[in-house]
Structure formats: C-alpha cells, structure tokens
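Q: In the numbering used here, the protein residues as written are 1 to 458.
We put the CB at the ideal spot given by N, CA and C, even for glycine.
Have a look at this one.
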Amino acid sequence: MSLNYEYGTKLEAQSQTGAAAQSVDSIIERLPITSTHIFVVIAAALGFMFDSLDTYIVSYAMPSIIKEWNIDPVTNGLLSSAGIWGMFLGAILWGPITDKFGRKVGFIGTILGFSLLTGLTALTTNVFQFGLLRFITGIFLGGMIPVDTALTSEYISTKYRGRFTSMLTVLWPVGMLAAALVSLNFVTVYGWRVLFIVGVIPALLSFLVRWKVPESPRWLASQGRGKEAVQVLKQLGASDKDVSTVPTVTNQDEKTSVLVLLQPQYLKRFILTAGYYFFSYFGYYGFLLWLPSILSTVYHLSLVKTFTFTLFVAISAILGRATAFWTIERFGRKQLFYVGFGLGGVAALLFGIIQDPTYLVFGACILSFLYEQGVAGTVVYTAELYPSNVRATATCWSTGAGRISSAVSPIVFGYFMNIHFYYGIYLTMAIFFWIAVALVYFLGVETKGKSLEKIGAA
C-alpha cells in the first residue's frame, strides 16, 4: 500500500513539474522584451567577450614568449592548446553541474575562476607553469559559453530568441579586437605579461554584474521550484494573472547524465551538434591561435605590423557576427553554416596562396568575415535543439567536442609549420569546414520560429 502511494505521489509530482515547465514556457512566449531581458543578455555577452579576450591574448603573447623562452613551433602549439584542453574538461563538468544546481551557479562560478587564474598567469616564469595555469583557467572558461547560451535562450521568447542569442556572439570578436588593441599599445613596451594583468580587471567587473542576474525561470520550473519561477517571471514583466497558472511543487531531484544524449530521441541531434563543433572549431581555433605567429615567422612582419594586421581581422570578425545577427531571423539558422563555413572553406584555400602582405590583409579579412557567421550559427543552433532538462549538458558536451579539436589543431598546425607545409593549414581548414556543412545539411532541421519546448519534444 505504501509503495503504491509513494509511486502515485511521485507520478503526480512529476506531472505537476511538467505542467509548471509548460506554463512558464507559454508565459515567456507572451512577454515583450524588458530591461531585465536586456540586462541578462548584456551580462552573458560580456562573458563571450572575455572568453575571446582570454583566448586571443595567448596568441598575441606567443611571439614574445617564443623569443623569451626560446621554444620551437611544436611547443608553441602545445602551450596554445593547453587552455583549450582545460576548456574541454570544463565543458563536460559544468553542463551537469548547471543542469542539477542551476544556470546561475555556472554563470557566476565560471567567470570568477577564470578571472583569478588569468591574473596569476602573469606571474609564470617557465613553460610548465604557464601551461599548467592555462589548463586550469580553461576548466572555468570551458563552461562559460555553453552555460551563458543556455541561460539566455531560456529567458527569451521564440520571436526574439535567435536574434538575442546571436547578439551574444557579436561580443566575441570585440574581445579579439580588445586583445589586439592592448597588444599593439602595451606588449612592445611592457612585455607579454601585461596582457594577462589587463585581462583580469574587466572580467572581475563582469562577475559583479552577473551576481545580479536571476535564475532561469524555465530551469526553476523544470525542477519543481514554482514559487521561485513566479518571482523571476514577475521581474520579466509577467502579471499576477499570468503567473497564477504556475503550480508550486517540490523538487524531484532528477539527475541528468551525458548518457541521456545517447538515447534515440537525442542521439541524432547530438551527433549533429558535437560533429559540427568538432570540425568547424578545428580550423577556426587552429588558424586564429597561430595567426600572429604565422605573420611574424613566415611573413617576417614586426610585432607592430602583426598586431595591426590582426586588428583589421578582428574588425572583419565583428562585421561577420553583426551580419549573422541581422540575417538569422530572416533566413534561418542553417544558412549561417552554408555561408560561413561553406564559403569560408573556399576563402581559406585562396588565402593560402597569397604572398603579398597587402592582399594578405584583404584575404584574411574576407575569411574572418565569413567563418565568424558560421561560428555564430553553432552557438545559437545548439541551444535550440534540446529541452531544458538536458540543454546545458548537451550544449557543454557539444562544445566539448569542439574544444578537443581546438586543442589538437594548434599542435597539428605547429607540425605543418615545423615542416614548412604552410598550405596544409588552409587545406585542413577547408575540408573540415565543409564536413561541418554536410552534417547540417543532412542531419539538421530548421529551428527558426519554433518554441524551445516544441523543438525539444520533436
């Protein structure tokens, strides 16, 4: 008798939890954009910018580190990828953490750990210390983008979701631009360590902003925490009449494991998202992390010219992300992959045959403008393909696949540099970009104009 009662109670509570999640979703779909929405987007976008800033200050520091510590191209590749290996570990750790304990835990924890460890990197005196700190920093950095994307997508209605989520990605090349500007003005005078000192200050300020961001109402509802979901919905502009439909139930403490992604309803989309992250990020990160070193060692440009060159590339990247922001709701998510990585692969092959520095700048800017649109697509599309209960886990594991290839590619490109097979870099980029496009074409579904719950249940 007791067993039947407990079983019935559990089913009833689970039913109420599902009703709460569905009710919250319908309320969010009716809400206009408010100042709270804007605040959440800005807080998350700053995370994208500092993720980018941290990634690129390493690439801008490497030409000086190569000379100071007298390291070879392979060691350069290992140091460049150390942080990305940490990002892979961070991606697979932070997903289950935020699915179980809340989006805000990851939203705050990732930026705080990243900030403190970035500052400590400036104190390193040898290759081992530098590589170790970069790896640990990456653990916190690896969860930032997937957690930020999951949180933001759960706040925004279908009508605005694609545009607002893609807005996050526009700040990524801004971080690249900031890294180039700091490098151009400070590295030649104060040395490479100043990059990591400067990088920690705005990140700590971002932590203070994130502290005020409320928990995702969709996540709260999925956990049976209806009262808290109601409070957040009111902050978003919901009326007392709207929130009266949200039941208050107890938390069922359901665990989310990566194994759920291997179940039939998720397996195809997980192959899709993990696949396009893996293949697109291989060329993307490998090229950008090596670009300053390529310019200074292959084309023999001075540090000032190298940083000026990358400044133009960063501006082109911003234009590419901005283009994605304006086209994503008009033409859909899949077109970003076709334009960004399809044409980006062609641009990579053409870039590899350019020798004149003037045309080199022009070619790199076109390449940057194109593939940044594709990268924007990966961020928006992934968060839309999964329901709330597995969204953070799926997003983190998918980006984790990208982190693996991002960590391997600098080493592979370092090998190409070591044997003077420079065109191998661009050939590999093109092939991997096109594989990502093929995955989206054959396995992808268009998510434009569909609610998150409808997509997740498909």
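Hey, would you say L443 sits closer than 8 Å to K268, going by beta carbons?
A: If you check the CB distance, L443 and K268 come in under 8 Å.
Q: Which residue comes first and which comes last in the alpha helix (DSSP H) that contains Y423?
A: Y423 to L443
Q: When you compare only the Cα positions, how much space is there between T273 and V189?
A: 43 Å
Q: Between which two residues does the alpha helix (DSSP H) holding F207 run?
A: R193 to R210
Q: Comparing the CB of K100 with every heavy atom of the ligand PLP, is any distance shorter than 7 Å?
A: The ligand PLP is absent from the structure shown, which contains no ligands of any kind.
Q: State buried or exposed for G86, treating a residue as buried only when at least 16 other CB atoms are found within 10 Å of its CB.
A: So G86 ends up on the buried side.
Q: Distance, Cα to Cα, L349 vs F362?
A: For L349 and F362, the distance between alpha carbons rounds to 14 Å.
Q: Cβ of A44 less than 8 Å from any chain D Cβ?
A: Absence of chain D from the displayed structure is noted, only one protein chain being present.
Q: Of the residues G400, C396, A238 and M429, which one's Cα is nearest the Cα of P410?
A: M429
Q: Looking at L80: is its Cβ nearer than 8 Å to the Cβ of S64?
A: The displayed chain sequence assigns Ser, not Leu, to residue 80. Cβ atoms of S80 and S64: not closer than 8 Å.
Q: Here's the rule: buried if 16 or more other CB atoms are within 10 angstroms of the residue's CB, otherwise exposed. What is E154?
A: The residue in question, E154, is buried, as its Cβ has 16 or more Cβ neighbours within 10 Å.
Q: Using 10 angstroms around the beta-carbon of N185, count the other beta-carbons present and answer buried if the total reaches 16, otherwise exposed.
A: exposed
Q: If you drop the 5 nearest sequence neighbours on each side, which residues of the same chain put their C-beta closer than 7 Å to that of A376?
A: S166, T169, R321, A324 and L336
Q: What did DSSP end up calling H300 once you bin it into helix, strand or coil?
A: If DSSP states are grouped into helix, strand and coil, H300 belongs with coil.
Q: Would you call the region 28-48 in contact with the region 127-139, where contact means no fewer than 3 C-beta pairs closer than 8 Å?
A: no
Q: How is L78 classed by DSSP in three states: helix, strand or coil?
A: helix
Q: For L46, which residues in the same chain have their Cβ closer than 6 Å to its Cβ, ignoring the five residues on either side in sequence?
A: Around L46: S206.
Q: Could you tell me whether the Cβ atoms of A394 and V147 are closer together than 8 Å?
A: No.
Q: Assign Y284 to one of two classes, buried (16 or more other C-beta atoms within 10 Å of its C-beta) or exposed (fewer than that).
A: buried
Q: Pick from F416, F307 and W290: whose alpha carbon is nearest that of A178?
A: F307
Q: Is it right to say W211 is buried, meaning 16 or more other beta carbons lie within 10 angstroms of its own, or is it exposed?
A: Flag for W211 reads exposed.
Q: For the region 112-129 and the region 187-203, state whether three or more C-beta atom pairs, one from each stretch, are separated by less than 8 Å.
A: yes
Q: In whole angstroms, what separates the C-alpha of I136 from that of L117?
A: 8 Å
Q: Could you tell me whether the Cβ atoms of F107 and G142 are closer together than 8 Å?
A: no
Q: Can you tell me whether S244 is buried or exposed, with buried defined as 16 or more other CB within 10 angstroms of its CB?
A: exposed
Q: K305 to K104, Cα distance in whole Å?
A: Whole-angstrom Cα-Cα distance: 42 Å.
Q: Could you tell me if F433 is buried or exposed, where buried requires 16 or more neighbouring beta carbons within 10 angstroms of its beta carbon?
A: buried
Q: Please report the straight-line C-alpha distance between L288 and K159, rounded to a whole angstrom.
A: For L288 and K159, the gap between their C-alpha atoms comes out near 34 Å.
Q: Thinking C-alpha only, which one of I425, Y422, L385 and G400 is nearest K448?
A: L385
Q: Would you decide whether H37 is buried or exposed? Buried here means 16 or more other CB atoms lie within 10 Å of its CB.
A: buried
Q: Which whole runs of the alpha helix (DSSP H) in the region 111-177 are 4 residues long or more, in chain order?
A: 127-141 and 144-153
Q: Less than 8 Å between the beta carbons of L181 and L53, yes or no?
A: For L181 and L53, no; Cβs fall outside 8 Å.
Q: Kindly indicate which residue of H420, P173 and K241 has the alpha-carbon position closest to the one of A314.
A: P173
Q: Give me the Cβ distance between S115 and N389, rounded to the nearest whole Å; I'm assuming they're in contact under 8 Å.
A: About 30 Å separates the two Cβ atoms, so there is no contact after all.
Q: Could you check which residue in Y441, G199, I66 and L93 has the C-alpha nearest to that of Y338?
A: Of the candidates Y441, G199, I66 and L93, the one whose C-alpha sits nearest the C-alpha of Y338 is Y441.
Q: DSSP state of S389, grouped into three classes?
A: Checking the displayed sequence, the identity of residue 389 turns out to be Asn instead of Ser. Correct three-state label for N389: helix.
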